[in-house]
Amino acid sequence: MKISICDNKKQLGARAAEEGATQIRNAIAARGHATIVVATGASQFDTLAALVVLPGIDWQKVTAFHLDEYIGMPSTHPASFRKYLKERFVDRVPIGTFHYVNGEGFDGKGDVVAECARLGELISAQTVDVCFLGIGENGHLAFNDPPADFDTDQPYIVVELNEACRRQQLGEGWFDSFDDVPRKAISMSVRQIMKSTFIVCSVPDKRKAQAIHDTINCPISNLQPATKLREHLRTSLYLDPASASML
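Okay, structure coming up:
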């Protein structure tokens, strides 16, 4: 794992975006196309803002996958990750194909198991060149809260959100009350994340300092899911002074 401590959040986003963009360009040059995974949340604001304006990316040759989504969340809700990605990414670049996670069920009847299977089949046919990622306050990757399932081969799974995860979503301002935060989500699995050729992980803010400390210093364990990133040889972790303050 390569760790970079940037001067501020804007620089963090710029450097993370440039590394990811380089790998996208390289994949397109080598194979004629690229496949990426795009994350959401407050940690990704600056990275996505920088990525969508970088030059030299033929976005029409890029296939992108959505990392996770709440179950039962309509795309019109302010906290919807589909809404987040449409506004901050999909509507800002001429993306070739974008595969959203539909937490309401792909068939419109709430069949989230079928949605997991649909997405799993699609991503299993791809080599993911770059996964843009964050780390949760509780050390989660995507919505894989501790104790995370490190063993499942399913690319997308239904998960229960623990209290710490739900309180983070409330604290970031996505919901009016704790009771409004959903209890379940569809998430890309840890094993699928680890299949990515490159992982670009953006983690700003003081509230992530303990999670970063544990990611770097604790034994690799599903009780600290982000520790798994240390087994990935091409992971770059971008921090600001606040998130790196406990290292």
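Numbered per our numbering, the sequence shown spans residues 6 to 252. Cβ coordinates follow ideal geometry from the N, Cα and C atoms, glycine included. Since the model is a prediction, treat every value here as computed from it, not as a measurement.
3-residue-minimum beta strand (DSSP E) runs that sit fully inside the region 136 to 197, ordered along the chain: Counting whole runs of 3 or more residues, the region 136 to 197 contains the beta strand (DSSP E) stretches 161 to 165 and 189 to 193.
Local conformation of Glu-126 per DSSP, three classes: As a first step, residue 126 must be located in the sequence shown, where it is residue number 121. It is helical.
Ser-194 vs Pro-160 beta-carbon contact at 8 angstroms: Within the sequence shown, the letter at position 189 stands for residue 194. Within the sequence shown, the letter at position 155 stands for residue 160. Yes, the pair counts as a contact, with Cβ atoms nearer than the cut-off.
Segments of 4+ residues assigned as alpha helix (DSSP H) that fall wholly inside the region 50 to 86: 50 to 56
Cβ pair Leu-244, Ile-8 closer than 8 angstroms: Residue 244 sits at position 239 when you count from the first residue of the sequence shown. Residue 8 sits at position 3 when you count from the first residue of the sequence shown. Taking 8 angstroms as the Cβ cut-off, Leu-244 and Ile-8 qualify as a contacting pair.
C-alpha gap between Thr-52 and Asn-31, whole angstroms: Residue mapping note: residue 52 aligns to position 47 of the sequence shown, counting from 1. Residue mapping note: residue 31 aligns to position 26 of the sequence shown, counting from 1. Approximately 19 angstroms between the Cα atoms of the pair.
Close-in-space but distant-in-sequence residues of the same chain around Ile-221 (CB under 7 angstroms, 5 per side omitted): Mapped onto the sequence shown, residue 221 falls at position 216. Take Ile-221, set aside five residues on each side of it, and the residues of its chain with a beta-carbon closer than 7 angstroms to its own are Leu-252, in chain order.
Nearest-angstrom Cα separation, counted from Pro-246 out to Pro-224: Working through the sequence shown from its first residue, we reach residue 224 at position 219. Working through the sequence shown from its first residue, we reach residue 246 at position 241. One C-alpha to the other measures close to 24 angstroms.
Exposure of Ala-84, with buried meaning 16 or more beta-carbon neighbours within 10 Å: The residue you call residue 84 lines up with position 79 of the sequence shown. Buried.
Bounding residues of the alpha helix (DSSP H) (the contiguous stretch that carries His-237): Counted from its first residue, the sequence shown places residue 237 at position 232. Unbroken run through His-237: none, as it is neither H nor E.
Per-residue burial, Arg-87 [other beta carbons within 10 Å of its own, 16 or more giving buried]: Position 82 of the sequence shown, counted from the start, is the residue given in the question as residue 87. Arg-87 is buried by the Cβ-count criterion.
For Val-42, three-class secondary structure by DSSP: Within the sequence shown, numbered from 1, the residue matching residue 42 stands at position 37. Val-42 falls in the strand class under three-state DSSP.
Local Cβ density within 10 Å of Pro-230, reported as buried at 16 or more and exposed below that: To locate residue 230, count along the sequence shown from 1; it is residue 225. By the 10 Å Cβ count, Pro-230 comes out buried.
Arg-239 and Ile-217 closer than 8 angstroms at C-beta: On the sequence shown, residue 239 is found 234 positions in, with the first residue counted as 1. On the sequence shown, residue 217 is found 212 positions in, with the first residue counted as 1. Their beta carbons are not under 8 angstroms apart, which means Arg-239 does not touch Ile-217 by this criterion.
Beta-carbon proximity check, Gly-139 vs Gly-46, cutoff 8 angstroms: The residue given as residue 139 occupies position 134 in the sequence shown. The residue given as residue 46 occupies position 41 in the sequence shown. Going by C-beta atoms, Gly-139 is nearer than 8 angstroms to Gly-46.
Thr-102 - containing beta strand (DSSP E), residue span: Along the sequence shown, one-based indexing puts residue 102 at 97. Residues 102 to 104.
Where Gln-131 sits in the DSSP three-state scheme: Numbered from its first residue, the sequence shown carries residue 131 at position 126. Note: Gln-131 maps to coil in three-state DSSP.
Beta-carbon proximity of Asp-207 to Ala-147, cut-off 8 angstroms: Here residue 207 corresponds to residue number 202 of the sequence shown, with the count starting at 1. Here residue 147 corresponds to residue number 142 of the sequence shown, with the count starting at 1. Reading off the sequence, residue 207 comes out as Ser, not Asp. It is not a contact, given that the beta carbons lie outside the stated cut-off.
Cα-Cα separation between Val-43 and Gly-101, rounded to whole angstroms: Locating residue 43 in the sequence shown gives position 38, where the first residue counts as 1. Locating residue 101 in the sequence shown gives position 96, where the first residue counts as 1. Using only the alpha carbons, I get a separation of about 14 angstroms.
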